[in-house]
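In the working numbering, the protein residues as written are 4 to 87. For every residue, glycine included, the Cβ atom is placed at its ideal position computed from N, Cα and C. Heads up: the structure comes next, in structure tokens.
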């Protein structure tokens with residue numbers, strides 16, 4: 004997922020032996036933990052009545068590690084930094 008080409012949902016599912024809904028949950032969990040999960044491409048196969056058909060997929064790329072959460076430092080963090 005960190006390569007320039009990224010990885011599609013089906014590629015991740017096959018590599019990990021997961022079901023598609025597990026891949027989506029995994030990606031949501033990464034995003035919740037502060038990782039930047041980018042969408043490089045959405046490929047939609049259109050079936051009858053303009054509904055999504057099998058073969059539709061999304062290509063994801065892990066764009067960065069976790070970002071610091073606001074408020075994670077103690078209230079006296081500035082005094083701790085200046086003491087060193």
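Residue i and residue j closer than 9 Å at C-beta
{"i": "residue 23", "j": "residue 16", "result": "yes"}
Simplified DSSP assignment, three categories, for residue i
{"i": "residue 31", "result": "helix"}
{"i": "residue 37", "result": "coil"}
{"i": "residue 3", "result": "Lying outside 4 to 87, the shown extent of the chain, residue 3 is not represented and no answer is given."}
{"i": "residue 66", "result": "strand"}
Buried or exposed by the 16-neighbour rule on C-beta atoms within 10 Å, applied to residue i
{"i": "residue 9", "result": "buried"}
{"i": "residue 5", "result": "exposed"}
Within-9 Å CB hit, residue i to chain B
{"i": "residue 9", "result": "In summary, chain B is missing from the structure at hand, where a single protein chain is found."}
Contacting residues, own chain, Cβ-Cβ under 8 Å from residue i (five flanking each side not counted)
{"i": "residue 26", "result": "12, 15, 16, 19"}
7 Å CB neighbourhood of residue i in its chain, flanking five on each side removed
{"i": "residue 60", "result": "11, 12, 13, 46"}
Contacting residues, own chain, Cβ-Cβ under 6 Å from residue i (five flanking each side not counted)
{"i": "residue 43", "result": "9, 62, 64"}
{"i": "residue 67", "result": "39"}
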